[in-house]
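Under this note's numbering, the first residue of the sequence shown carries the number 1129, and numbering increases by one thereafter. Built from N, CA and C at the ideal position, the CB exists for glycine as well. Model, not experiment: these values are computed from the prediction.
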Amino acid sequence: MQEWMNWGERVGDRLVDMGSPLVNEGDADVQVSGYSAIDADSQEQLNGLLEGHPHTAAGGTISTQKFMDIPGM
């Protein structure tokens, strides 16, 4: 857990939500084990913020998605 806290401290205010682990139930094509929300100005900046992430250090992979902007929300 300390690795996650160290990574979160390094990312700083760009880490909007540390997230949570997820439980995979059912027959999904893609298994997702957790999420975090990060505020980045570009994909390149996001890639830099993800360097040294504990999930990849343990051999896992990370996929990124952009939140949809919804006016008025």
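Here's a check: name, in chain order, each residue in its chain whose Cβ is nearer than 8 Å to the Cβ of residue i, leaving out the five neighbours to either side.
i	result
Trp1135	Gly1180, His1181 and Pro1182
Asp1155	none
Gln1159	Asn1152
Spatial neighbours of residue i within its chain, please: CB distance less than 7 Å, with the 5 preceding and 5 following residues excluded, ordered by chain position.
i	result
Asp1145	Ser1164 and Ala1165
Leu1174	Ile1166, Ala1168 and Thr1192
For residue i, name the three-state secondary structure that DSSP assigns.
i	result
Met1133	helix
Leu1174	helix
Asp1145	strand
Measure how close the beta-carbons of residue i and residue j come, nearest whole angstrom, since I'm counting them as under 8 Å.
i	j	result
Gly1162	Gly1176	That belief does not hold up - the Cβ atoms of Gly1162 and Gly1176 are roughly 20 Å apart, past 8 Å.
In the DSSP assignment, what are the bridge partners of residue i?
i	result
Gly1162	Pro1149
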